[in-house]
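**Student:**
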Amino acid sequence: MKYQKEIKTDIYDIIVIGSGMAGLVTAANLVSEGLSVLVLEQHFIAGGATTMFKRKNFIFEAGGHRFSGIRNPEGVLSKLLKKINKKVEVQPINPSYVVRSDDKILEADLNIDKYKQNVIELFPSEKQNIENYFVAMLKIVEGNNYLASQKKVNPIKLLFKHPYFFKNIKKNTRQFMEQFFKDEEIITFLTMLGAYTTLPNHQQSFIGYANMWAVHHIGEGMNLIEGGTKQVIDALANFIDENGGQVVVSKYVAKILTENKKAIGVRLKDGSEIKSKIVVSTASNQETYTQLLDKNLSSEKFINQINNQKQSGSLFQLFLGIKEENGEGLEYTTTFVTGDSKIGDKKVYEKMYNWDLDTITSSGVITVEGKENSPEGFRSVNISCLIPYNHKDNWFIKGKDKKEYREFKEKIAEKIIENFGKYIPNLKDRIVFQNTATPLTIERYTLATEGGLQGLAHTINQSGKERGNIKTHIENLYHAGQYNFPGAGIITVSISGNLCAEMILKDHFNK
88 MKYQKEIKTD
98 IYDIIVIGSG
108 MAGLVTAANL
118 VSEGLSVLVL
128 EQHFIAGGAT
138 TMFKRKNFIF
148 EAGGHRFSGI
158 RNPEGVLSKL
168 LKKINKKVEV
178 QPINPSYVVR
188 SDDKILEADL
198 NIDKYKQNVI
208 ELFPSEKQNI
218 ENYFVAMLKI
228 VEGNNYLASQ
238 KKVNPIKLLF
248 KHPYFFKNIK
258 KNTRQFMEQF
268 FKDEEIITFL
278 TMLGAYTTLP
288 NHQQSFIGYA
298 NMWAVHHIGE
308 GMNLIEGGTK
318 QVIDALANFI
328 DENGGQVVVS
338 KYVAKILTEN
348 KKAIGVRLKD
358 GSEIKSKIVV
368 STASNQETYT
378 QLLDKNLSSE
388 KFINQINNQK
398 QSGSLFQLFL
408 GIKEENGEGL
418 EYTTTFVTGD
428 SKIGDKKVYE
438 KMYNWDLDTI
448 TSSGVITVEG
458 KENSPEGFRS
468 VNISCLIPYN
478 HKDNWFIKGK
488 DKKEYREFKE
498 KIAEKIIENF
508 GKYIPNLKDR
518 IVFQNTATPL
528 TIERYTLATE
538 GGLQGLAHTI
548 NQSGKERGNI
558 KTHIENLYHA
568 GQYNFPGAGI
578 ITVSISGNLC
588 AEMILKDHFN
598 K
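Position 230, counted from 1, in the sequence shown is what the numbering used here calls 317; the numbers after and before it change by one each time, with no gaps.
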């Protein structure tokens, strides 16, 4: 798709800042109601963190690319695609993911009974504890589903209908797991999915983790879209362009314009101004409230809260084009590599945040792209490792001189290739292309604060309703996406976009 670069007019009903899934879902819902919507994207392609890029005949997903709620007719994305008259071909992922250490492998099958049996076979001495754990998780899922179905939640009613869920609602993931297990290795294997939060399990909101667990183990599970995420991004952008809106790239929003504490439009970096009745930001909290808006529009207490919020962690990404050969090491779509699975993730994270490169490069996620993303006989592979954003020597960048930065990236890449050769045999000799991304890369292309993968960290105090409101304290300004309720992830920010559009239609257009 060729994205638009010129804005057609200087006034719209709604301006949306950012063309990630939250922004596009918000805009698509609004244009479907006959409203004029302008989506502005600072990058030269639409999609935010959900983009694809091509290098040397290899195509890579830059960020999130696994979808849920797309095969079930009642799913959020399924309904949206039907609304915009777009059909996509999907490939169910099973097993949902795999967890590996040096000497163990666990297939997290979509069939929950088979998954449970796989865990029991790997840890037979824990059989009864495993049985109890799975019973408990299903109770939690029931409570979560009830909570999601209620527009307003009565705590007393929740307590009586789902007492077990209520009892665990304020726990972190480790606190929940320690009710069943003491051994660090089984806790690591059962909670490795939580690595997506970028937090050790003693910091993760357990309910947030349980939501993620349910998506991977209940219902349709996760899916790949044939042709990649670009199929959905471009379908949404096309729908907006063809129905009274515009998605315009390479447009950096410098300021949200206000008048009498009401949002009235935006000013671009080039100085041009576009007016609107409503503005929707999908930018980070810090960018929205301390850069795009004048600080005096928010209380000092609010700004301090924004500045003190914990950001999610970031990644070092190694994008590889490798020889397929016999497919060894490429059997699964998603593989979590635990590194040292016996010491507990708290110690692992401590080492990682102290820049222990051996720790950083020995655990992570291997993602094997669909065969259509590479030439015949080769595969596109992404190895992502958690890494700190802050570096005492600024990643060895000295002004415009990035020579040492490039050398440092190469050093990290070499260590990843060496360590992950245990899981993809002969990895070094199979590589025909490689590229890297650091937290600085992610921050540059997505503008996520500190290159945060999940927006705000999914701690207990920053999850659910505590995450932030879609409707802001500035009149006519709304805030959708991963920095607000309900949270991060493709399906979750799509829900945020739906909710945002519904609020705007109800508040301003009597729909």
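Every residue, glycine too, gets a C-beta built ideally from N, C-alpha and C.
1) Could you please give the first and the last residue of the uninterrupted beta strand (DSSP E) stretch that includes His-566?
2) Beta-carbon within less than 8 Å of Asn-205's beta-carbon, same chain only, minus the 5 sequence neighbours each way: which residues are those?
3) Among the candidates Asn-413, Ser-368 and Asp-321, whose CA atom is the shortest distance from the CA of Leu-344?
4) Which same chain residues end up closer than 7 Å to Lys-203 when comparing Cβ atoms and leaving out the 5 residues on each side of it in sequence?
5) In terms of DSSP beta bridges, what is Met-309 paired with?
6) Could you spell out the range, first to last residue, of the beta strand (DSSP E) harbouring Asn-470?
7) Hey, could you find the ends of the beta strand (DSSP E) Val-126 is sitting in?
8) At which residues does the alpha helix (DSSP H) containing Lys-201 begin and terminate?
9) Is it true that the CB of Gly-306 sits closer than 8 Å to the CB of Ile-102?
10) Looking at the strands, I want to know which residues DSSP matches up with Met-139.
11) Taking C-alpha atoms, which residue in Asn-383, Lys-364 and Gly-135 lies nearest to Leu-564?
12) Hey, quick one: how far does the beta strand (DSSP E) through Ser-399 stretch, first residue to last?
13) Looking at C-alpha atoms only, which residue of Gln-398, Lys-558 and Tyr-251 is the closest neighbour of Gly-538?
14) I think Asn-372 touches Gly-555, with their Cβ atoms under 8 Å apart; what is that distance to the nearest whole Å?
15) Please confirm if the segment 444-460 is in contact with the segment 502-518, defined as three or more CB-CB distances below 8 Å between the two stretches.
16) Return helix, strand or coil for Ala-458, following the three-state DSSP convention.
17) When the distance is taken between beta carbons, is Thr-275 closer than 8 Å to Thr-425?
18) Which word fits Asn-139, buried or exposed, when buried means at least 16 other C-beta atoms lie within 10 angstroms of its C-beta?
19) Could you spell out the range, first to last residue, of the beta strand (DSSP E) harbouring Gln-599?
20) To the nearest angstrom, report how far apart Gly-105 and Glu-128 are at their CA atoms.
21) Whose CA, out of Glu-120, Pro-475 and Leu-417, lies closest to the CA of Gln-404?
22) Go ahead and pull the three-state DSSP assignment for Val-228.
23) When we look at the beta-carbon of Glu-148 and count the other beta-carbons within 10 Å, is it buried (16 or more) or exposed?
24) My assumption, with CB atoms under 8 Å, is that Met-299 sits in contact with Ile-180. Please give the rounded CB distance.
25) Based on DSSP bridge pairs, tell me the residues matched to Phe-423.
26) State yes or no: is the C-beta of Ser-467 within less than 8 Å of the C-beta of Gly-451?
27) Could you tell me which of Asn-116, His-289, Gln-549 and Ser-119 sits nearest to Val-435, measuring between CA atoms?
28) Going straight from the alpha carbon of Lys-348 to that of Val-228, what length do you get?
29) What's the C-alpha gap between Phe-267 and Asn-219?
30) CB-CB under 7 Å to Thr-96, same chain, minus the five flanking residues each way: which ones, in chain order?
31) Using alpha carbons as the reference points, say which of Lys-169, Val-366 and Arg-261 lies closest to Pro-160.
32) According to DSSP, is Gly-414 part of a helix, a strand, or is it coil?
33) Which whole-angstrom value is the C-beta distance of Ala-115 and Ile-327, which I expect to be below 8 Å?
34) Just to confirm, are Leu-407 and Phe-495 a CB contact at a threshold of 8 Å?
35) Considering only residues of the same chain and omitting the five flanking positions on each side of Tyr-339, which have a CB-CB separation below 6 Å?
36) Going by beta carbon distance, what residues of the same chain come within less than 6 Å of Met-88, once the five residues before and after it are set aside?
**Tutor:** With the structure as the only source:
1) On the sequence shown, position 479 is the one that residue 566 refers to. Looking at the DSSP string, the run of the beta strand (DSSP E) that includes His-566 is 564-566.
2) The residue given as residue 205 occupies position 118 in the sequence shown. Closer than 8 Å at the Cβ level, and outside the excluded window around Asn-205, lie Leu-193, Glu-194, Ala-195 and Asp-196.
3) By 1-based counting over the sequence shown, the position of residue 344 is 257. It is Ser-368.
4) In the sequence shown, the residue the question calls residue 203 occupies position 116. Excluding sequence neighbours, Lys-203 sits near Ile-217 and Phe-221.
5) By one-based count along the sequence shown, residue 309 stands at place 222. According to DSSP, Met-309 bridges with nothing at all.
6) Residue 470 sits at position 383 when you count from the first residue of the sequence shown. The amino acid occupying residue 470 in the given sequence is Ile; Asn does not appear at that position. From DSSP, the beta strand (DSSP E) with Ile-470 extends over 465-474.
7) To locate residue 126, count along the sequence shown from 1; it is residue 39. Counting along the chain, the beta strand (DSSP E) containing Val-126 begins and ends at 124-127.
8) Counted from its first residue, the sequence shown places residue 201 at position 114. Lys-201 -> alpha helix (DSSP H) spans 199-209.
9) By one-based count along the sequence shown, residue 102 stands at place 15. By one-based count along the sequence shown, residue 306 stands at place 219. Contact flag unset, no.
10) Translated into positions along the sequence shown, residue 139 becomes position 52. In the DSSP output, where bridge partners are listed per residue, Met-139 has Glu-148.
11) Taking the first residue of the sequence shown as 1, we reach residue 564 at position 477. The residue with the shortest Cα to Cα distance from Leu-564 is Lys-364.
12) Working through the sequence shown from its first residue, we reach residue 399 at position 312. Here Ser-399 belongs to no beta strand (DSSP E), and DSSP marks it neither H nor E.
13) Within the sequence shown, the letter at position 451 stands for residue 538. Residue Gln-398 is the option with its Cα nearest to Gly-538.
14) The residue labelled residue 372 in the question sits at position 285 within the sequence shown. The residue labelled residue 555 in the question sits at position 468 within the sequence shown. Indeed, because the Cβ distance is near 7 Å, the residues count as touching under 8 Å.
15) yes
16) Along the sequence shown, one-based indexing puts residue 458 at 371. It should be noted that the sequence gives Lys, not Ala, for residue 458. Lys-458: helix per DSSP, three-state reduction.
17) Stepping through the sequence shown from its first residue, residue 425 is reached at position 338. Stepping through the sequence shown from its first residue, residue 275 is reached at position 188. Yes, they are a contact pair.
18) The count along the sequence shown starts at 1 and reaches residue 139 at position 52. What sits at residue 139 in the sequence shown is Met, not Asn. Buried, because 16 or more other Cβ atoms sit within 10 Å of the Cβ of Met-139.
19) Within the shown structure, residues of the chain are numbered from 88 to 598, placing residue 599 beyond reach of any answer.
20) For this step, residue 105 is matched to residue 18 along the sequence shown. For this step, residue 128 is matched to residue 41 along the sequence shown. When rounded, the distance between both Cα atoms is 5 Å.
21) Position 317 of the sequence shown, counted from the start, is the residue given in the question as residue 404. Closest option to Gln-404, Cα to Cα, is Pro-475.
22) Taking the sequence shown and counting its residues from 1, one reaches residue 228 at position 141. Helix, per DSSP.
23) The sequence position of residue 148 within the sequence shown is 61, counting from 1. The residue in question, Glu-148, is buried, as its Cβ has 16 or more Cβ neighbours within 10 Å.
24) Along the sequence shown, one-based indexing puts residue 299 at 212. Along the sequence shown, one-based indexing puts residue 180 at 93. About 14 Å separates the two Cβ atoms, so there is no contact after all.
25) Here residue 423 is taken as the residue at index 336 of the sequence shown, counted from 1. Note: Phe-423 sits in a beta bridge opposite Val-186 and Val-452.
26) Along the sequence shown, one-based indexing puts residue 467 at 380. Along the sequence shown, one-based indexing puts residue 451 at 364. No, these two residues do not count as a Cβ contact at 8 Å.
27) Indexing the sequence shown from 1 puts residue 435 at position 348. Checking every option, the nearest Cα to that of Val-435 belongs to His-289.
28) In the sequence shown, residue 348 corresponds to position 261, counting from 1. In the sequence shown, residue 228 corresponds to position 141, counting from 1. Answer to the nearest angstrom: the Cα atoms are 42 Å apart.
29) If you number the sequence shown from 1, residue 267 lands on position 180. If you number the sequence shown from 1, residue 219 lands on position 132. Rounded to the nearest angstrom, the two C-alpha atoms are 7 Å apart.
30) If you number the sequence shown from 1, residue 96 lands on position 9. Closer than 7 Å at Cβ, skipping near neighbours: no residue.
31) Counted from its first residue, the sequence shown places residue 160 at position 73. It is Lys-169.
32) The residue you call residue 414 lines up with position 327 of the sequence shown. Residue state, collapsed to three classes: coil.
33) Position 28 of the sequence shown, counting from 1, holds the residue named residue 115. Position 240 of the sequence shown, counting from 1, holds the residue named residue 327. Contact flag correct, Cβ pair sits at about 6 Å.
34) Indexing the sequence shown from 1 puts residue 407 at position 320. Indexing the sequence shown from 1 puts residue 495 at position 408. No, the pair does not count as a contact, with Cβ atoms beyond the cut-off.
35) In the sequence shown, residue 339 corresponds to position 252, counting from 1. Gln-129 and Lys-356, listed in sequence order.
36) In the sequence shown, counting from the first residue as 1, residue 88 sits at position 1. Taken in chain order, the residues that qualify are Asp-321.
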